[in-house]
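Visitor: Each residue of the sequence shown is one higher than the last, beginning at 1 in full-length UniProt numbering.
No residue lacks a Cβ here, since even glycine has one placed at the ideal position from N, Cα and C.
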Amino acid sequence: MNSFYEICAGKNNCDASTLEQTIQLAVEIAREGREGRKIGTLFVVSDKKAVLKRSRPLILDPLYGHPEQRKRLCDQDVRETVKELAQLDGAFIVSGDGVVVSAARYINASSRRIDLPLGLGSRHVAAASISRDTRAVAVVVSESAIVRVFNDGRLIAEIIPEVWLFAQEATKIKSPRLERTIGDVKIIAETLEKYNPTN
Ligand SMILES: Nc1ncnc2c1ncn2[C@@H]1O[C@H](COP(=O)(O)OP(=O)(O)OP(=O)(O)O)[C@@H](O)[C@H]1O
């Protein structure tokens, strides 16, 4: 069973292992930052055609022109490259089969029909919005070092560094919830009907 099984399972539109790799990378970025700075970024996973259509490049795409087999999330060199590029504004687009298709993209977002908890800004609105308008799942690394996952326009899970939980009740997820601690992070998620620990 992978570490984020409860979050990744049951997303029919998104390959569970691609989503798990993305969340793992997001947690590493949240935890490590870059050169002493906190880093925030956004990953939009699967339904790449629809996501590309609803986004635009903020700069010349640093991933453009590289062959797909050199842009796989499971490749350690790619993960290091993504950590470096995460310092740029904008979002990464990840295909359902785990290729990082594009970086530094602005997501066309609208807060219409989105009900977000207070305190979440435009990066989270973009994540909720694109997950509502497409079949993609969006993973936000907040500069506050919390990773949040959006599906169907809703916040469905948070991965919170434990140090935060000691400091305050940081979660924005309402009950019912699933709570599990892995290492120094806590996972809080909606209870997913399709979760079956024997799978
Ligand atoms: N529509 C968007 N598409 C891609 N990136 C975006 C979009 N909107 C905002 N961002 C990125 O999010 C950054 C932070 O914006 P903001 O502080 O409003 O978001 P936030 O949700 O509060 O995130 P954080 O918790 O990281 O502060 C922006 O500087 C920009 O890089």
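In angstroms, rounded to a whole number, what distance separates the CA positions of SER55 and ASP47?
Guide: If you take the alpha carbons of SER55 and ASP47, they lie about 13 Å apart.
Visitor: Keeping to the same chain, check which residues put their C-beta closer than 6 Å to that of ASN199; ignore five residues upstream and five downstream.
Guide: Any reading at ASN199 must be qualified, since the residue scores a pLDDT of 37, below 50, and its modelled position is unreliable; the value itself is stated next. For ASN199, where only same-chain residues beyond five positions count, there are no Cβ hits under 6 Å.
Visitor: Go to SER131, then tell me how far its alpha helix (DSSP H) extends in each direction, as first and last residue.
Guide: Taken as a continuous stretch (DSSP letters only), the alpha helix (DSSP H) holding SER131 covers 122 to 133.
Visitor: Which residue's Cα is closest to the Cα of ALA127: LEU42, TYR5, LYS38 and THR22?
Guide: Here the closest residue by C-alpha is LEU42.
Visitor: Buried or exposed: where does GLU68 fall if 16 or more other Cβ atoms within 10 Å of its Cβ makes it buried?
Guide: Label assigned to GLU68: exposed.
Visitor: How long is the line joining the alpha carbons of PRO62 and LYS38, rounded to whole angstroms?
Guide: Answer to the nearest angstrom: the Cα atoms are 22 Å apart.
Visitor: Answer yes or no: do VAL27 and ILE159 have a C-beta to C-beta separation smaller than 9 Å?
Guide: A contact, by the Cβ cut-off of 9 Å.
Visitor: In the DSSP assignment, find the unbroken alpha helix (DSSP H) run with VAL27 in it and report its ends.
Guide: Residues 16 to 32.
Visitor: Taking C-alpha atoms, which residue in ALA91, GLU35 and ALA189 lies nearest to PRO57?
Guide: Comparing Cα positions, the closest option is ALA91.
Visitor: Round the Cβ separation of ILE23 and VAL147 to the nearest angstrom and send it over; I've been treating them as touching at under 8 Å.
Guide: Their Cβ separation, rounded to whole angstroms, is 7 Å, which keeps ILE23 and VAL147 in contact under 8 Å.
Visitor: Quick one: what's PRO57 bridged to in DSSP?
Guide: ARG105, per the DSSP bridge assignment.
Visitor: Does ligand 1 have a heavy atom nearer than 8 Å to the CB of ASN151?
Guide: For ligand 1, not one heavy atom lies less than 8 Å from the Cβ of ASN151.
Visitor: Between LYS83, GLN87, SER111 and GLY119, which has its C-alpha nearest ARG132's C-alpha?
Guide: That would be SER111, whose Cα lies nearest to the Cα of ARG132.
Visitor: Taking the straight line between their C-alpha atoms, what separation do you get for LYS83 and LYS186?
Guide: Taking the straight line joining both Cα atoms gives about 22 Å.
Visitor: Quick one, which of LEU19, GLU6 and ASP15 has its alpha-carbon nearest VAL139's?
Guide: For VAL139, the nearest C-alpha among the options comes from LEU19.
Visitor: Helix or strand or just coil, what does DSSP make of THR181?
Guide: Strand, per DSSP.
Visitor: Just curious, the beta strand (DSSP E) that GLU158 is in, first and last residue?
Guide: Counting along the chain, the beta strand (DSSP E) containing GLU158 begins and ends at 154 to 161.
Visitor: Let me know if LYS49 comes out buried or exposed under the rule of 16 or more other beta-carbons within 10 Å of its beta-carbon.
Guide: Exposed, by the Cβ-count rule.
Visitor: How should CYS8 be labelled, buried or exposed, when 16 other C-beta atoms within 10 angstroms of its C-beta is the threshold for buried?
Guide: It is buried - the Cβ of CYS8 has at least 16 other Cβ atoms within 10 Å.
Visitor: So what does VAL149 bridge to, in DSSP terms?
Guide: Bridge partners of VAL149: VAL139 and ALA157.
Visitor: Rounding to the nearest angstrom, what Cα-Cα distance links SER129 and LEU25 in this structure?
Guide: Approximately 22 Å between the Cα atoms of the pair.
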